[in-house]
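Asks:
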Amino acid sequence: MITHEHIKSTFASLVAIDSPSLSEREMADYIKTLFAGIGIVLQEDESGTATGSTAGNLYAYVEGNPTLAPILLAAHMDTVAPACGKQAIFHEDGQVTSDGTTVLGADDLAGVTAIYEALREIREQGCSHRPVELLFTTGEELYCKGANAFDFSRIRSRNAYVLDLSGEIGSAAYAAPTLLSFEARIQGRASHAGFRPEDGINAILAASKAIAQLPQGHIDAETTGNIGMIHGGAGTNIVSESCTIKGEIRSLKHERALALLKQYKSTFEKETSALGASLVWSDTVNIIAYETPLEGSAVAAYRQAVEQEGLTVSLYKTFGGSDQNVFAQHGIEGLVIATSMNRVHTCQEYCSIPEIAQVSRILLGLLNGSDSSK
Numbered sequence: 004m005i006t007h008e009h010i011k012s013t014f015a016s017l018v019a020i021d022s023p024s025l026s027e028r029e030m031a032d033y034i035k036t037l038f039a040g041i042g043i044v045l046q047e048d049e050s051g052t053a054t055g056s057t058a059g060n061l062y063a064y065v066e067g068n069p070t071l072a073p074i075l076l077a078a079h080m081d082t083v084a085p086a087c088g089k090q091a092i093f094h095e096d097g098q099v100t101s102d103g104t105t106v107l108g109a110d111d112l113a114g115v116t117a118i119y120e121a122l123r124e125i126r127e128q129g130c131s132h133r134p135v136e137l138l139f140t141t142g143e144e145l146y147c148k149g150a151n152a153f154d155f156s157r158i159r160s161r162n163a164y165v166l167d168l169s170g171e172i173g174s175a176a177y178a179a180p181t182l183l184s185f186e187a188r189i190q191g192r193a194s195h196a197g198f199r200p201e202d203g204i205n206a207i208l209a210a211s212k213a214i215a216q217l218p219q220g221h222i223d224a225e226t227t228g229n230i231g232m233i234h235g236g237a238g239t240n241i242v243s244e245s246c247t248i249k250g251e252i253r254s255l256k257h258e259r260a261l262a263l264l265k266q267y268k269s270t271f272e273k274e275t276s277a278l279g280a281s282l283v284w285s286d287t288v289n290i291i292a293y294e295t296p297l298e299g300s301a302v303a304a305y306r307q308a309v310e311q312e313g314l315t316v317s318l319y320k321t322f323g324g325s326d327q328n329v330f331a332q333h334g335i336e337g338l339v340i341a342t343s344m345n346r347v348h349t350c351q352e353y354c355s356i357p358e359i360a361q362v363s364r365i366l367l368g369l370l371n372g373s374d375s376s377k
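Its first residue numbered 4, the sequence shown is counted upward by one per residue in the numbering used here.
1) Can you tell which of 39, 371 and 141 has its C-alpha closest to the C-alpha of residue 79?
2) Please classify residue 246 as buried or exposed, where buried requires at least 16 neighbouring CB atoms within 10 angstroms.
3) Residue 171 by DSSP, collapsed to three states: which one?
4) Taking residue 223 as the reference, give the member of 190, 187, 284 and 263 with the closest Cα.
5) Check this for me: beta carbons of residue 143 and residue 24, under 9 angstroms apart or not?
6) Measure the alpha-carbon distance for residue 278 versus residue 209 and round it to whole angstroms.
7) May I ask which residues mark the beginning and end of the alpha helix (DSSP H) holding residue 4?
8) Is the beta carbon of residue 159 closer than 9 angstroms to that of residue 64?
9) So, residue 45 versus residue 115, is the Cβ gap smaller than 9 angstroms?
10) Can you tell me whether residue 297 is buried or exposed? The criterion is at least 16 other CB atoms within 10 Å of its CB, across all chains shown.
11) So residue 22 packs on residue 110, CB below 8 angstroms; how close in whole Å?
12) For residue 257, does the three-state DSSP call read helix, strand or coil?
13) Take every Cβ of the segment 148–163, pair it with every Cβ of the segment 327–339, and state whether three or more of those distances are shorter than 8 angstroms.
14) Pick helix, strand or coil for residue 188, following the three-state DSSP scheme.
15) Could you tell me if residue 151 is buried or exposed, where buried requires 16 or more neighbouring beta carbons within 10 angstroms of its beta carbon?
16) Assign residue 352 to one of three DSSP states: helix, strand, or coil.
17) With distances taken from CA atoms, which of 184, 204, 185 and 187 is nearest residue 193?
18) Looking only at its chain, what residues have a beta carbon closer than 6 angstroms to the beta carbon of residue 137, apart from the 5 residues adjacent to it on each side?
19) Could I get the ranges of all uninterrupted alpha helix (DSSP H) runs contained in the segment 262–341, with 4 residues as the minimum, in chain order?
20) Output yes or no for whether 9 angstroms exceeds the beta carbon distance between residue 179 and residue 74.
21) Report, in whole angstroms, the separation of the C-beta atoms of residue 310 and residue 364, which I expect to be a contact under 8 angstroms.
22) Who are residue 98's beta bridge partners in DSSP?
23) I'd like the list of long-range same chain contacts for residue 170, defined as Cβ closer than 8 angstroms, with 5 residues on each side in sequence excluded.
24) With burial defined as no fewer than 16 other Cβ atoms inside 10 Å of the residue's Cβ, what is the status of residue 221: buried or exposed?
25) How would you write the range of the alpha helix (DSSP H) that residue 3 sits in, first residue to last?
26) Leaving out the 5 sequence neighbours to the left and right, which residues in its chain are closer than 6 angstroms to residue 259 when beta-carbon positions are compared?
27) Per the DSSP calculation, residue 164 is bridged to which residue(s)?
28) Residues in the same chain with beta-carbon distance under 6 angstroms from residue 268, minus the five sequence neighbours each way, listed in chain order, please.
29) Determine the direct distance from the alpha carbon of residue 186 to that of residue 261, and round the result to whole angstroms.
30) Which of the three DSSP states is assigned to residue 232 in this structure?
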């Protein structure tokens with residue numbers, strides 16, 4: 004039986020483990036031991052070599068009713084900083100917080116807990132269920148490093164549920180954006196700002212002229228752009244020799260993101276050239292946009308499981324990325340489902356034990372439900 008006391012124990016044990024991104028060794032070992040206790044062997048891959056993590060991704064295929072299609076349940080093992088010395092503080096109303104000096108780590112340990120509790124219930128009750136694949140990734144907070152390094156030839160599921168979303172239980176994200184990051188390094192020429200300013204080429208001026216022309220914030224309903232960092236200059240009496248600008252672009256349409264990136268780059272090229280400066284440009288496609296069809300089997304099964312729990316389904320597009328961005332590139336339809344994580348990436352993060360129990364029961368509904376993929 005899924006109980007609040009058991010959830011509290013599992014969640015507190017996970018939170019107490021330090022697991023900043025790419026330092027997931029202790030967390031991976033604990034999760035392997037936890038699931039081994041209910042007869043599920045998680046295999047660790049060799050992705051740490053590629054990601055730089057102290058651990059690899061953890062994967063298991065749990066046999067079930069062979070007439071039903073398998074589903075993939077996923078969560079990530081890393082937490083954002085400050086992530087060391089965490090402890091779960093339980094409150095009478097069921098809410099859980101940290102002590103205020105660290106994040107809580109509900110992002111994504113609430114997800115790990117919910118998955119474990121659902122599988123523990125299935126094992127203890129011995130009930131029939133669809134086959135399920137489990138994937139716990141490293142470095143998700145660093146643009147899905149672990150998922151990007153995973154061997155997807157191992158995955159048999161065509162539907163996935165990623166437990167990694169804030170919001171009301173029953174809600175889920177069915178689309179997420181492409182996220183591009185870029186860096187513009189402008190090289191000018193230094194000169195004394197008082198005696199010989201005409202001999203200099205001001206890199207900050209070139210950057211300013213470019214930035215002033217670039218759209219930022221909400222560019223349209225599906226696209227955002229942002230200049231997030233700028234650094235340059237050596238002194239107020241020196242014509243700035245160099246300037247570095249960093250930013251990002253997000254769009255629910257991949258081609259739109261690429262087009263805006265091209266506009267950003269060409270604007271910097273034009274303005275640096277006009278002043279006689281030079282530009283070194285670099286950009287990275289961190290994740291690629293996806294949109295899961297609302298009429299598909301992943302949505303149908305989730306809708307049924309949520310309604311069985313007596314909750315309302317809410318489906319929306321998000322501007323945040325997750326491992327589902329990577330799964331979608333391998334032909335896996337999926338949803339990122341609300342998992343009782345609130346005010347994430349802050350020291351005011353909190354979750355709810357009753358809500359984690361609800362999520363676990365929704366997972367049971369997914370695992371015990373009819374095969375909506377047929």
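Beta carbons: idealized from backbone N, C-alpha and C, even for Gly.
Replies: Answer, in terms of the structure:
1) Here residue 79 is taken as the residue at index 76 of the sequence shown, counted from 1. For the residues 39, 371 and 141, the minimum Cα distance to residue 79 belongs to 141.
2) Position 243 of the sequence shown holds residue 246. Buried.
3) Counting from one through the sequence shown, the residue named residue 171 turns up at place 168. Three-state result, residue 171: coil.
4) Within the sequence shown, numbered from 1, the residue matching residue 223 stands at position 220. Ranking 190, 187, 284 and 263 by Cα distance to residue 223 puts 263 first.
5) As a first step, residue 143 must be located in the sequence shown, where it is residue number 140. As a first step, residue 24 must be located in the sequence shown, where it is residue number 21. Yes; because the gap between Cβ atoms is below 9 angstroms, this pair is in contact.
6) For this step, residue 278 is matched to residue 275 along the sequence shown. For this step, residue 209 is matched to residue 206 along the sequence shown. Approximately 7 angstroms, taken between the alpha carbons.
7) Indexing the sequence shown from 1 puts residue 4 at position 1. Run containing residue 4: none; DSSP gives neither H nor E here.
8) Position 61 of the sequence shown, counted from the first residue, corresponds to residue 64. Position 156 of the sequence shown, counted from the first residue, corresponds to residue 159. The answer is yes: Cβ separation under 9 angstroms.
9) Start at 1 with the first residue of the sequence shown, and residue 45 comes out as number 42. Start at 1 with the first residue of the sequence shown, and residue 115 comes out as number 112. Not in contact: residue 45 and residue 115 (Cβ atoms no closer than 9 angstroms).
10) Taking the sequence shown and counting its residues from 1, the one referred to as residue 297 is at position 294. Residue 297 comes out exposed.
11) For the purposes of this step, residue 22 is taken as residue 19 along the sequence shown, with counting starting at 1. For the purposes of this step, residue 110 is taken as residue 107 along the sequence shown, with counting starting at 1. Contact doesn't hold; Cβ gap of about 11 angstroms is too wide.
12) Stepping through the sequence shown from its first residue, residue 257 is reached at position 254. Note: residue 257 maps to helix in three-state DSSP.
13) yes
14) Reading the sequence shown from its first residue, position 185 is the one you call residue 188. Three-state result, residue 188: strand.
15) As a working mapping, residue 151 is identified with position 148 in the sequence shown. Buried is the call here.
16) Here the question's residue 352 lines up with position 349 in the sequence shown. Coil.
17) Numbered from its first residue, the sequence shown carries residue 193 at position 190. Of the candidates 184, 204, 185 and 187, the one whose C-alpha sits nearest the C-alpha of residue 193 is 204.
18) Against the sequence shown, residue 137 aligns to sequence position 134. 63 and 76, listed in sequence order.
19) 300–311 and 326–331
20) Start at 1 with the first residue of the sequence shown, and residue 179 comes out as number 176. Start at 1 with the first residue of the sequence shown, and residue 74 comes out as number 71. No, the Cβ-Cβ distance between residue 179 and residue 74 is not below 9 angstroms.
21) One-based indexing of the sequence shown puts residue 310 at position 307. One-based indexing of the sequence shown puts residue 364 at position 361. Actually they are not in contact, since the Cβ atoms of residue 310 and residue 364 sit about 12 angstroms apart, beyond 8 angstroms.
22) Within the sequence shown, numbered from 1, the residue matching residue 98 stands at position 95. BP columns for residue 98 point to 355.
23) Here residue 170 corresponds to residue number 167 of the sequence shown, with the count starting at 1. Answer for residue 170: 317 and 341, listed in chain order.
24) For the purposes of this step, residue 221 is taken as the residue at position 218 of the sequence shown. By the 10 Å Cβ count, residue 221 comes out exposed.
25) What the structure shows of the chain is the stretch from 4 to 377, and residue 3 is not part of that stretch, so it cannot be assessed.
26) Within the sequence shown, numbered from 1, the residue matching residue 259 stands at position 256. The residues are 226.
27) Residue numbering aside, residue 164 sits at position 161 when the sequence shown is read from its first letter. Answer is 76 and 338.
28) Indexing the sequence shown from 1 puts residue 268 at position 265. Cβ within range, chain order: 284.
29) Position 258 of the sequence shown, counted from the first residue, corresponds to residue 261. Position 183 of the sequence shown, counted from the first residue, corresponds to residue 186. Whole-angstrom Cα-Cα distance: 15 angstroms.
30) Within the sequence shown, numbered from 1, the residue matching residue 232 stands at position 229. The answer is strand: DSSP assigns residue 232 an E or B state.
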